[in-house]
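According to the UniProt record's numbering, the sequence shown is numbered sequentially starting from 19. This report refers to the structure that appears directly beneath it.
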Amino acid sequence: VTRVRTVHLQRAKAQGEKFAMLTSYDSLTAAIFDGAGVDVLLVGDSAGNNVLGYGTTIPVTLDHMIPLAAAVARSAQRALVVVDLPFGSYEESPEQAVRSAVRVMKETGAHAVKLEAGEELADHVAAVVRAGIPVMGHVGFTPQSEHALGGYRVQGKGDAAAKLVADAQAVQAAGAFAVVLEMVSADAAEEVEEILSIPTVGIGAGNVTTGQVLVWQDMLGLRTGRMPRFVKQYAQLSETIGDAVGSYVSDVKSGQFPAEEHSFRG
Ligand code: KIV
Ligand code: NA
């Protein structure tokens, strides 16, 4: 299989094609998603919520991200593997951003990093790009700045569209190969996708972006509870797993498991 590279994502945009990105944080899902044709695997800092049991992405560290990213990179044969730089690992200075991105590249085997960066941190993106590391930007709703943004709110509506465009243009000018647009007005996302030469990747950003991304535990129904409007659920794994494990528990208690065929003799 030919590895998906940043140039292929660029080409997709030029040819009016789409690509699919999905999160993964472990080797088994990485292999399944890769085999199913996912083009880009994102080792997101959403691992904070979906793997590590935190309520936000804010406590996530590079030390958390590295073993998860290494597991995904070891298992993905075709997909481009992108790793989030977590909160606190890149904001201080362009030098800090380079140091963190270099560590991810050296210790995981992943192919690119993603930074929640727009206009304000464009210099940090540029420094990482200069170091030879592909960077995906992330603008619109940026979960690491949830408290500064006043909670989970749709970005880029009305007059705020201009700032969204400026953020996306700044990361493109800094050398990013793509930019995530999270929870933004579909009208603003359409404007950004048109103005930029690099592909945009939407999550809650309408249907016009070159790529789409979702968190796998959301789209496969492993996580329960209230889902954001932008999630489409393709399975209900929480139910499937809960039912199966319930059967296991009752089989153990009733003595139905293990049966003769699961046992050794002699
Ligand atoms: O961490 C993550 O899963 C992300 C995507 C939602 C874009 O950043
Ligand atoms: Na993220």
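Where a beta carbon is used, it is the ideal one built from N, C-alpha and C, also for glycine. As the structure is a computational prediction, the values presented were derived from the model and not from experiment.
- Runs of the alpha helix (DSSP H) lying entirely within the stretch 141-185 and spanning at least 4 residues, in chain order: 164-167.
- At least 9 Å separates the beta-carbon of Gly127 from that of Asp185.
- Cβ-Cβ separation between Pro104 and Leu80: approximately 6 Å, consistent with a contact (criterion under 8 Å).
- For Tyr108, the closest alpha carbon among the candidates Leu139, Glu125, Val100, Leu255 is that of Leu139.
- In this structure, the CA atom of Ser45 is about 28 Å from the CA atom of Val143.
- Counting only residues of its own chain and dropping the five nearest sequence neighbours on each side, Val19 has a CB closer than 6 Å to the CB of Gln95, Arg96.
- Gly155 and Gly224 have their C-alpha atoms roughly 18 Å apart.
- With contacts defined by Cβ atoms closer than 9 Å, Val99 and Leu59 form a contacting pair.
- Bridge partners of Leu59 according to DSSP: Leu40, Val99.
- For Val198, the CB contacts under 8 Å within the same chain, skipping 5 residues up- and downstream, are Lys132, Met154, Gly155, His156, Val157, Gly158, Thr218, Val219, Gly220, Ile221, Val231 in chain order.
- In this chain, the alpha helix (DSSP H) harbouring Leu255 covers 255-272.
- Inter-segment contact for the stretch 267-275 and the stretch 248-256 is absent: fewer than three beta-carbon pairs are separated by less than 8 Å.
- Looking at the DSSP output, Ile221 bridges to Glu200.
- Note on Val90: 16 or more other CB atoms within 10 angstroms of its CB, so buried under the neighbour-count rule.
- For His156, the shortest C-beta to heavy atom distance toward the ligand KIV is below 8 Å.
- Those residues placing their Cβ nearer than 5 Å to any heavy atom of the ligand NA are, following chain order, Gly62, Asp63, Asp102.
- Judged by DSSP secondary structure, Leu133 falls within the beta strand (DSSP E) whose first and last residues are 130-133.
- Scanning Ser42, Lys31, Thr24, Phe37 for the CA closest to the CA of Asp236 turns up Ser42.
- In terms of CA proximity to Ala191, Val147 leads the group Arg29, Val147, Val61.
- Gly176 sits close to Ser203, with the two beta carbons spaced by under 9 Å.
- Rounded to the nearest whole angstrom, the C-alpha separation of Ala54 and Gly284 is 43 Å.
- For Val25, no beta strand (DSSP E) segment is defined; the enclosing uninterrupted segment is the alpha helix (DSSP H) at 24-32.
- Annotation for Gly66: the continuous alpha helix (DSSP H) segment containing it runs 65-68.
- Sequence-distant partners of Ala49 (beyond 5 residues in either direction) whose C-beta falls short of 7 Å from its own C-beta, in its chain, are Ser93.
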